[in-house]
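Asks:
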Amino acid sequence: MSFVNSGFTGRRGQRDERLPPGQTLVEDWPVLSAGPTPQVSTADWTFTITTEDGAEHRWSWDDLTGLGIEDVTTDIHCVTHWSKLAMPWRGVPLDAFFADVDTSADYVMAHCHGGYTTNVPLEDLLDGRAWVAVEAEGEPLTPEHGGPARLLVPHLYFWKSAKWLRGLQLMPDNDPGFWEQHGYHLRGDPWQEERYW
Amino acid sequence: MTPRRAAWHRATVVSVTAETATARRIELEVPTWPGNEAGSHVDIRLTAPDGYQATRSYSVASSGPGTRLVLAVDEVVDGEVSPFLVRVLAVGDSVEVHGPLGRFFVWTPSADPDPAPVQLVAGGSGVVPLYAMAAAHERSDDGSEFRLLYSVRTPDDVFFRRELAALRRTRVDLVHTRSAPEGDRRPPRRLVREELDRLTLGPALAPRIFVCGSTPFVETVSRWLLEAGHAPAAVRTERFGGSG
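Top line first, the protein sequences correspond to chains A and B. First residue of the first sequence? That's 17 in the numbering used here, and the numbers climb one at a time after it. First residue of the second sequence? That's 57 in the numbering used here, and the numbers climb one at a time after it.
Set out below in structure tokens:
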């Protein structure tokens, strides 16, 4: 650091070791989206994993709930500098969906209603580190927060936790998704401050 | 225009002026600034004497290749960074600036001889990046039709009042939600759907639409725009958060 802003003290007492660098704790839950909020009903909802060979695995809403929804308490970190700590979620681990998917691809493109996409390495979605989330803070996910179902990848910046999830496309290369094409980092690790490229 | 890579820059405050009772216009000189497109934003990082740092994002009201950056910062009650920027920061002070950021919620002049019209819809301080677009359009040869619908609480809360009044190539419609100027026939109230339909370019004209404001404002306006028949891909949104 090359200089200080004399007269700036900041909010003390809120610095928490669970906060990655450059992040500020919030109590509310800000909303960020690039376009209008899609309205998707659970009756129409499907989730499809498509392999690099084009094989499709598809789940309905009932299929999803049948896989077993688990409680998840996790911190989330948005690239716009806010974090929420110990947030209660419910969702189905991605491992459950990938159990019968045969792939040798290393990367995934998440596709969403409304056209949003984001790329994630497959290993970031497995081993109990990512979910298809359907509830947060004790309530079904509202449309503005990505309901009925969004990706939850809490160890990466929150734009990777794509709202209005409809499918995952396995891909051999780490092609950039929507925000990644607009200057955001390909991986987005908050502890490395991988915000922009 | 090739994308300008985001980086940290040291900025020096060259002027501060009251924008409204709660907001301040801050002009920065950034010698290493690569320029920015209209609608982009920056992160501002403050460092306390003991090394504590806090960072927030702000839209940029200026655009183009120059090294001057104009911000208009509204003070968030109980905020951490905005009260310092609005009340304490002084001419000659330095701040760290990261940017330019955002390559989606931006407008650039079109080389198309018959470009699509552009509709801007602002709620409160959400006007900042939209003003940047209208100002950039004003300076360009781009012939697209521009309109701005600006929802604001009271006449005293209008950002860029003089600059908006001077725009010759953007039609500006103001709607007041709490109190209206004397002689305004519209009673102060929230924007209603019929007004949005009447005061914005219709879907038949296939405008590109930029909406910026609080989350409830953006949610409501973008839903009404879709219901009016605009294509989802034509509507770009940005919201300002409340973390101050």
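Here a beta-carbon is modelled for each residue, glycine too, at the ideal position from N, C-alpha and C.
Identify the contact partners of T103 (chain B) in chain A, using a Cβ-Cβ distance below 8 angstroms as the criterion.
Replies: Here residue 103 (chain B) refers to the residue found at position 47 of the second sequence. Ordered by position in chain A, the residues that pass the 8 angstroms Cβ test against T103 (chain B) are M17, F19, V20, N21 and F24.
Asks: Would you give the residue range spanned by the alpha helix (DSSP H) that Y17 (chain B) belongs to?
Replies: Since the first residue of chain B shown is 57 and the last is 300, residue 17 (chain B) is not available in this structure.
Asks: Within the chosen definition, does the region 138-153 of chain B reach the region 199-207 of chain B through at least 3 CB pairs nearer than 8 angstroms?
Replies: No: fewer than three Cβ pairs fall under 8 angstroms.
Asks: Rounded to a whole number of angstroms, what is the C-alpha to C-alpha distance between A77 (chain B) and L230 (chain B)?
Replies: Here residue 77 (chain B) corresponds to residue number 21 of the second sequence, with the count starting at 1. Here residue 230 (chain B) corresponds to residue number 174 of the second sequence, with the count starting at 1. One C-alpha to the other measures close to 19 angstroms.
Asks: Closer than 8 angstroms by beta-carbon distance: list the chain B residues that pair up with R27 (chain A), in chain order.
Replies: As a first step, residue 27 (chain A) must be located in the first sequence, where it is residue number 11. Ordered by position in chain B, the residues that pass the 8 angstroms Cβ test against R27 (chain A) are A110 and E136.
Asks: Using a beta-carbon distance below 8 angstroms, is E33 (chain A) in contact with chain B?
Replies: For the purposes of this step, residue 33 (chain A) is taken as residue 17 along the first sequence, with counting starting at 1. Judged by the 8 angstroms Cβ criterion, E33 (chain A) is not in contact with chain B.
Asks: Taking the alpha-carbon positions, what's the D91 (chain A) to A260 (chain B) distance?
Replies: Walking along the first sequence from the start, residue 91 (chain A) turns up at place 75. Walking along the second sequence from the start, residue 260 (chain B) turns up at place 204. Straight-line Cα distance between these residues: approximately 45 angstroms.
Asks: With a CB to CB cut of under 8 angstroms and the five nearest residues on each side skipped, what residues in its chain are close to A290 (chain B)?
Replies: Counted from its first residue, the second sequence places residue 290 (chain B) at position 234. Contacts found: A262, P263, R264 and I265.
Asks: List the residues of chain A whose Cβ lies closer than 8 angstroms to the Cβ of R292 (chain B), in chain order.
Replies: The residue given as residue 292 (chain B) occupies position 236 in the second sequence. Within chain A, the residues near R292 (chain B) are A50 and G51.
Asks: Give the secondary structure of V232 (chain B) by DSSP, where H, G and I count as helix, E and B as strand, and everything else as coil.
Replies: As a first step, residue 232 (chain B) must be located in the second sequence, where it is residue number 176. First, the amino acid is wrong: residue 232 (chain B) is His here, not Val. Here H232 (chain B) sits in strand by DSSP.
Asks: Return yes when the Cβ of T62 (chain A) is within less than 8 angstroms of the Cβ of S99 (chain A), no when it is not.
Replies: The residue you call residue 99 (chain A) lines up with position 83 of the first sequence. The residue you call residue 62 (chain A) lines up with position 46 of the first sequence. No, the pair does not count as a contact, with Cβ atoms beyond the cut-off.
Asks: How many angstroms separate the CA atom of V174 (chain B) from the CA atom of W45 (chain A)?
Replies: The residue labelled residue 174 (chain B) in the question sits at position 118 within the second sequence. The residue labelled residue 45 (chain A) in the question sits at position 29 within the first sequence. Their Cα atoms are separated by approximately 31 angstroms.
Asks: Quick one: residues in its chain with C-beta nearer than 6 angstroms to the C-beta of S181 (chain B), no 5 flanking neighbours on either side, listed in chain order?
Replies: Position 125 of the second sequence, counting from 1, holds the residue named residue 181 (chain B). Only D130 meet the Cβ criterion.
Asks: Among B:D134, B:D240 and B:R80, which has the Cα closest to the Cα of E43 (chain A)?
Replies: Numbered from 1 along the first sequence, position 27 holds the residue referred to as residue 43 (chain A). Checked all of B:D134, B:D240 and B:R80; the closest Cα to E43 (chain A) is B:D134.
Asks: Closer than 8 angstroms by beta-carbon distance: list the chain B residues that pair up with H198 (chain A), in chain order.
Replies: By one-based count along the first sequence, residue 198 (chain A) stands at place 182. Here the neighbours are G158, R159 and F160.
Asks: May I have the straight-line CA-CA distance separating V267 (chain B) from G199 (chain A), to the nearest angstrom?
Replies: The residue you call residue 267 (chain B) lines up with position 211 of the second sequence. The residue you call residue 199 (chain A) lines up with position 183 of the first sequence. If I take the Cα positions, the gap works out to 21 angstroms.
Asks: Can at least three beta-carbon pairs, one atom from the region 153-171 of chain B and one from the region 83-99 of chain B, be found at a separation below 8 angstroms?
Replies: As far as the Cβ criterion goes, the region 153-171 of chain B touches the region 83-99 of chain B, which means the pair count is three or higher.
Asks: What ranges does the beta strand (DSSP E) occupy inside the region 72-103 of chain B, keeping only unbroken runs of at least 3 residues that lie completely in it?
Replies: List check, beta strand (DSSP E) in window: 79-85 and 97-103.
Asks: Sorted by chain position, which residues of the same chain lie with C-beta nearer than 8 angstroms to P165 (chain B)'s C-beta, five sequence neighbours on each side aside?
Replies: In the second sequence, the residue the question calls residue 165 (chain B) occupies position 109. Hits under 8 angstroms: A192, H193, S196, D197 and D198.
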